[in-house]
Amino acid sequence: MENGGLVLDVKNISKKRGKTPILKDVNFSIGKGEICGFVGRNGAGKTTLMKIITSMLFPDEGEIIICGKNLRTEREEALENIGAVVETPEMYGYLTGRQNLNYMASMLKDVTKDDIEEAIRYSNLGDKIDGKVKNIL
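Under this note's numbering, the first residue of the sequence shown carries the number 3, and numbering increases by one thereafter.
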């Protein structure tokens, strides 16, 4: 493991929603074997930070290093060894159900196209799987 044994290194992360700052200059690191949790009031930015760490959102400033890999420039390698469910799993409304599944599967090594098709069969969505998620929900 590169980066001196750090599993996660969060450096100067800032994020705004419009002009409202959500995160401002967040810095911390987690070493191998350490456990951490985020505690704070509703709206403090905990979920936003987790979405940035898992690349569901991009920061306005700063960088995330996971196991020595820069999340912005080495995304696939950085995400190989992590997984997270942030609140309710989100689907992208502008994509179809099938596109959402393919996108999520692209972040996992061992999910095949056959696995995706099997999940679709179990969902009983039929042709709706190829419709935009925002129109299905």
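Backbone N, C-alpha and C define an ideal beta-carbon position, used for all residues, glycine too.
The beta carbon of residue 132 sits closer than 6 Å to the beta carbons of 98 and 100 from its chain, once the five residues preceding and following it are set aside; these are given in chain order. Going by beta carbons, residue 108 and residue 61 fall outside the 8 Å limit. Taking 8 Å as the cut-off, the beta carbon of residue 113 is found no closer than this to the beta carbon of residue 66.
Note on geometry: alpha-carbon atoms of residue 7 and residue 69 lie some 8 Å from one another.
A distance below 8 Å between beta-carbons, with the five flanking residues on each side excluded, links residue 54 to the following residues of its chain, in chain order: 15, 17, 25, 60, 61 and 66.
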